[in-house]
Structure formats: structure tokens, C-alpha cells
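**Q** Structure provided below as C-alpha cells; questions to follow.
Residue numbers (full-length UniProt numbering): 1 to 195.
Here you go:
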């Protein structure tokens with residue numbers, strides 16, 4: 001599958017470390033350099049606004065999807081290629097997934113994690129065959145990736161499903177990994193139902 005658009009999940013704040021802002025800028029530029037459309041949550045604040053502004057400044061196309069209820073709170077970005085206003089969070093996530101060929105999570109909070117895990121679960125269940133990744137910044141996701149390895153060891157996630165999540169500290173190497181990724185052929189259910 002050829003990747004033409006990438007959905008980026010990230011914080012509506014900038015976090016406490018300058019590296020988060022720098023990573024968002026680098027990812028936005030990398031997407032534009034590769035002529036990949038950025039699809040994201042449509043906000044003008046935090047890392048959301050930074051990644052969008054960086055992609056736009058580098059000549060990229062940016063599509064934002066934002067619920068009406070958050071348009072004023074997250075300050076919907078007015079300078080995008082296209083801003084779609086939807087009814088709610090479920091519609092936002094469904095539309096971002098529909099428009100995207102791959103998914104990347106920058107640092108963020110509960111919403112970022114929820115979006116990442118939902119789209120990952122959809123992939124695990126076979127609802128899509130799109131790659132996903134974490135842009136590791138300043139060790140932000142190190143404890144999460146360790147926990148993910150732990151739940152594989154405890155038998156709650158199969159190793160091929162854990163391996164669906166690509167991780168890199170470089171936007172370009174992460175985009176390369178997503179481009180080369182192949183969907184798992186392993187079913188989610190390892191055990192047969194009792195007869």
C-alpha cells in the first residue's frame with residue numbers, strides 16, 4: 001500500500017520539554033517534504049498547532065478534523081488546507097482514520113493515547129491494514145513500550161500485534177518504517193472456542 005496521507009495524534013499542549021515542540025516541527029516538515037498530507041485534530045494550539053504550522057510552512061497539505069464542541073476550546077486552526085467540523089469525538093476519529101493511510105503519535109495526553117490505542121485495536125481486529133508508529137521524543141514513550149512488552153509476556157497481546165507499532169526517534173526513519181510495514185496475518189484470537 002502506498003502512503004499518501006498520515007494522521008498525527010498529539011497533545012493540545014506543548015508539554016514541558018522543548019524537544020516536544022522541535023519533534024512536532026520536524027515531523028510536519030518531513031511530511032511536507034515527502035508530499036504526504038497531514039491529517040490531524042484541527043486545533044491551532046499545542047503540538048497540534050505546531051505540527052500543522054510546520055507542514056504548512058514547508059508547502060504541505062493539512063486537513064484538520066475537529067468537533068464543533070471543541071472548535072472554540074482548541075481554537076480551530078483557520079489557516080489549513082481544509083478544516084472539517086464534525087458532530088463529536090467518534091465522528092472525528094472515524095473521519096481521521098478514513099482520510100489516512102498511516103498513523104503517528106507524537107507526545108500527548110489521554111486523548112492522544114486513546115486515539116492511538118483505538119486505531120491500533122482496529123488494526124488488530126482486521127478492520128484496517130494501515131501502519132502506525134510512535135515518534136519517541138526524549139524518552140517520552142519508553143515506559144509505555146516497556147509495559148507493552150510486559151503485556152505480551154503475560155499473554156494478553158500476541159507478539160505480531162505488538163509489532164504493529166513501529167517506534168523511532170527520527171521522523172524520516174519512522175516514515176520509512178511505516179512505508180515498509182506489512183500487515184500481520186495473525187488472527188487476534190490465539191485460542192479456539194471450546195466445542
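Even glycine gets a Cβ: it sits at the ideal position worked out from N, Cα and C.
Buried or exposed: residue 142, going by 16 or more other Cβ atoms within 10 Å of its Cβ?
**A** Position 142 of the chain shown, counted from the start, is the residue given in the question as residue 142. Per the 10 Å Cβ criterion, exposed.
**Q** Can you tell me whether residue 16 is buried or exposed, with buried defined as 16 or more other CB within 10 angstroms of its CB?
**A** For the purposes of this step, residue 16 is identified with residue 16 of the chain shown, where counting begins at 1. So residue 16 counts as exposed.
**Q** Am I right that residue 52 and residue 64 are in contact with their C-beta atoms under 8 Å? What's the rounded C-beta distance?
**A** Taking the first residue of the chain shown as 1, we reach residue 52 at position 52. Taking the first residue of the chain shown as 1, we reach residue 64 at position 64. Their Cβ separation, rounded to whole angstroms, is 7 Å, which keeps residue 52 and residue 64 in contact under 8 Å.
**Q** Does the count of Cβ pairs from the segment 76-94 and the segment 30-49 closer than 8 Å reach three?
**A** Judged by Cβ distances under 8 Å, the segment 76-94 makes contact with the segment 30-49, as three or more pairs qualify.
**Q** Using the beta-carbon count (16 or more within 10 Å), is residue 102 buried or exposed?
**A** Counted from its first residue, the chain shown places residue 102 at position 102. It is buried - the Cβ of residue 102 has at least 16 other Cβ atoms within 10 Å.
**Q** Only counting the same chain, and skipping five residues up and downstream in sequence, which positions put a Cβ closer than 8 Å to that of residue 166?
**A** Within the chain shown, numbered from 1, the residue matching residue 166 stands at position 166. Taken in chain order, the residues that qualify are 131, 132, 133, 134, 174, 177, 178 and 181.
**Q** Nearest-angstrom Cα distance between residue 136 and residue 169?
**A** Taking the chain shown and counting its residues from 1, the one referred to as residue 136 is at position 136. Taking the chain shown and counting its residues from 1, the one referred to as residue 169 is at position 169. Roughly 5 Å separates the two Cα atoms.
**Q** Starting from the Cα of residue 108, find the closest Cα among 172, 4 and 47 and give me that residue.
**A** Within the chain shown, residue 108 is the residue found at index 108, counting from 1. When only C-alpha atoms are compared, the closest one is 47.
**Q** Taking DSSP as the reference, what is the three-state secondary structure of residue 6?
**A** Here residue 6 refers to the residue found at position 6 of the chain shown. In this structure, residue 6 counts as strand in the three-state DSSP scheme.
**Q** Cα-Cα, which of 149, 19 and 50 is closest to residue 9?
**A** Translated into the one-based positions of the chain shown, residue 9 becomes position 9. When only C-alpha atoms are compared, the closest one is 50.
**Q** Give me whichever residues DSSP pairs with residue 104 in a beta bridge.
**A** Locating residue 104 in the chain shown gives position 104, counting from the first residue. BP columns for residue 104 point to 8 and 133.
**Q** Which residues mark the beginning and the end of the beta strand (DSSP E) in which residue 40 is found?
**A** To locate residue 40, count along the chain shown from 1; it is residue 40. Note, residue 40: beta strand (DSSP E), 37-40.
**Q** If distances are taken between C-alpha atoms only, which option among 73, 70 and 81 comes closest to residue 60?
**A** The residue you call residue 60 lines up with position 60 of the chain shown. The option with the nearest alpha carbon to residue 60 is 81.
**Q** Under 7 Å Cβ to Cβ from residue 13, same chain only, skipping five residues before and after it: list those, please.
**A** On the chain shown, residue 13 is found 13 positions in, with the first residue counted as 1. The residues are 46.
**Q** With C-beta atoms as the reference, is residue 57 less than 8 Å away from residue 36?
**A** Indexing the chain shown from 1 puts residue 57 at position 57. Indexing the chain shown from 1 puts residue 36 at position 36. For residue 57 and residue 36, no; Cβs fall outside 8 Å.
**Q** Hey, residue 70 and residue 77: beta-carbon distance below 8 Å or not?
**A** As a working note, residue 70 is residue 70 in the chain shown. As a working note, residue 77 is residue 77 in the chain shown. Cβ distance not < 8 Å, so residue 70 and residue 77 don't count as in contact.
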